[in-house]
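In the working numbering, the protein residues as written are 12 to 158.
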């Protein structure tokens, strides 16, 4: 994978680990985040509250890219698949879970559409159920809701 694409993806994750101003240099102005969080506005500015929430809730947050699979075409446009991991110390409320001071690790699997060297669309999936388990949070299962 060319170094410029790796740098783009790694800069994207540095933004999510607490440096939101970096997004402007690596995503398109119309960047789509799929799925958007509750109340999240479109575009790179819309995700800023989420980045700030992560920064407040997870001290020392880092995102490590474990695997990058380049599916782009010869023109440099196309999709990249990423397997990554968000780590930090849970020091603030996150998804309704009060701080536990526990180290947490949240696996992430994402696809990024690269257009003209920038990320135009991100489809993401994080293991939030694993986060709940690591923090000892009580999770209600669908069968418990139906009962």
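For every residue, glycine included, the Cβ atom is placed at its ideal position computed from N, Cα and C.
Since the structure is predicted, the reported quantities are computational estimates derived from the model, not experimental observations.
query: State buried or exposed for residue 91, treating a residue as buried only when at least 16 other CB atoms are found within 10 Å of its CB.; result: buried
query: Helix or strand or just coil, what does DSSP make of residue 105?; result: strand
query: Would you tell me roughly how many angstroms separate the C-alpha atoms of residue 59 and residue 120, rounded to the nearest one?; result: 20 Å
query: I need the boundaries of the alpha helix (DSSP H) containing residue 59, first residue and last residue.; result: 59 to 68
query: Does DSSP classify residue 31 as helix, strand or coil?; result: helix
query: Note down the Cα distance separating residue 143 from residue 34, rounded to an integer number of angstroms.; result: 28 Å
query: Starting from the Cα of residue 147, find the closest Cα among 118, 135, 109 and 122 and give me that residue.; result: 109
query: Could you give the distance in angstroms between the alpha-carbon of residue 68 and the alpha-carbon of residue 88?; result: 35 Å
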